[in-house]
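Participant: Below is the structure I would like to discuss, written out as structure tokens.
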Amino acid sequence: MVMSALKRHGQAAAAALQFLTRIPVPMTVPFESVMLARTVIYFPAAGFFIGAFLAGGFAVLDLFSPAMPAAVLLLAVWTALSGGLHLDGWMDTADGVLSHRPRERMLEIMKDSRVGAMGVIAAVLLLLFKFTLLAEWTGQGDGVHALSLLAVGPIWSRWWMGAAIAGWPNARQGEGIGALFHLASSRQVTAGFVAAIVGTVICTTLNGFYWSETLLVLAGCILLTLITGSIMARWLNRKLGGLTGDTYGALNEAVEAVLLFAGLLSIRLFT
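Once you know that position 100 of the sequence shown is 100 in the UniProt record's numbering, the rest is easy, because the numbers rise by one and skip nothing.
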């Protein structure tokens, strides 16, 4: 019984890494709805690994590289770690929603593999925003706080993807990648929430944060994730009649960017 449960959760954790990252996981996983719903618990773990790679890259580049080249390299690593999956969702969502067409037409545009003008504009603006923030981070001179705050963003943005999957209906009525996770429940999202808290505490503790600082980081991450994610998810739901795999990626990108911005502000204001 216990071994069976461990196997199921091991497969779910592996599936989360395989689906959300390009980190090689040598395990064959049955991509079934019940198992995929369980992966929502481990979405923050996938974010943790991405954040750890980013923090490691930041620590190395901050030793010798000028700010702007370091920011470009970090952004390239950040995008590569997810295979551009979420950025693609951001672009497709922008193409569809910003076309201001009827709901059905928006969904058709988002499904089209070709990228339109709004998608390109949205991607350029997002990447420029992240680039400037990363360049500022490398010039702050407070590597300890920067390492932790850089690492926690991907944890919470991926937790919110799971929350959005469970919290809003599928706009495509059983079609698309998002539909594969339709059995995800609030119980699994809550377990993912606990995992996100644990991941955040690990990041801050390893970098010597006081408990009061850790609590502030947790409160800020939770509050900003809920506000940013809820506003955007409700807006997309109103426009599309639900959410899709593309919009989950867009939500991830939005929450990541907001947390990155908030992290930089906190370093400037409080350190």
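Quick reminder that beta carbons are idealized off the backbone N, C-alpha and C, glycines included.
Among Ile202, Gln188, Gly229, which one has its Cα closest to the Cα of Leu36?
Facilitator: Gln188
Participant: Evaluate the contact criterion for the segment 76–95 versus the segment 233–248: three or more CB pairs, one atom per stretch, below 8 Å.
Facilitator: yes
Participant: Along the chain, where does the alpha helix (DSSP H) containing Ser33 start, and where does it finish?
Facilitator: 33–39
Participant: Tell me the DSSP secondary structure of Asn252 in three-state form.
Facilitator: helix
Participant: Hey, would you say Gly220 sits closer than 8 Å to Ala164, going by beta carbons?
Facilitator: no
Participant: Any heavy atom of the ligand PLP closer than 7 Å to the beta-carbon of Pro69?
Facilitator: Looking for the ligand PLP in the displayed structure turns up nothing, as the structure carries no ligands at all.
Participant: On the three-state DSSP scale, how would you describe Leu183?
Facilitator: coil
Participant: Would you report the Cα separation of Ile23 and Arg101, rounded to the nearest angstrom?
Facilitator: 38 Å
Participant: Helix, strand or coil, according to DSSP, for Leu150 in the structure here?
Facilitator: helix
Participant: Mind pulling the alpha helix (DSSP H) runs of 4 or more residues that sit fully within the segment 47–129?
Facilitator: 67–81, 85–97, 103–111
Participant: Are Ala55 and Arg38 close, meaning C-beta to C-beta below 8 Å?
Facilitator: no
Participant: Could you spell out the range, first to last residue, of the alpha helix (DSSP H) harbouring Arg238?
Facilitator: 211–240
Participant: Figure out for me which residue from Thr190, Phe209, Thr225, Val152 has the closest Cα to the Cα of Ile50.
Facilitator: Minimum Cα distance to Ile50 is reached at Val152.
Participant: Compare the Cα-Cα distances from Thr214 to each of Val25, His145, Leu133, Gln18 and report the closest residue.
Facilitator: Considering only alpha carbons, the answer is His145.
Participant: Would you mind sorting Ala254 into buried or exposed? The rule is 16 or more other CB atoms within 10 Å of its CB.
Facilitator: buried
Participant: By a C-beta neighbour count over all protein chains shown, 10 Å radius and 16 as the cutoff for buried, is Asp62 buried or exposed?
Facilitator: buried
Participant: Decide if Trp159 is buried, meaning its Cβ has at least 16 other Cβ atoms within 10 Å, or exposed.
Facilitator: buried
Participant: In whole angstroms, what separates the C-alpha of Leu128 from that of Ala122?
Facilitator: 10 Å
Participant: Sort out for me which residues DSSP pairs Asn170 with in a bridge.
Facilitator: Answer is Leu243.
Participant: Spatial neighbours of residue 283 within its chain, please: CB distance less than 7 Å, with the 5 preceding and 5 following residues excluded, ordered by chain position.
Facilitator: Only positions 1 to 271 of the chain appear in the structure, and residue 283 is not among them; the question remains open.
Participant: Leaving out the 5 sequence neighbours to the left and right, which residues in its chain are closer than 7 Å to Ala71 when beta-carbon positions are compared?
Facilitator: Phe131, Leu134, Ala135, Thr138
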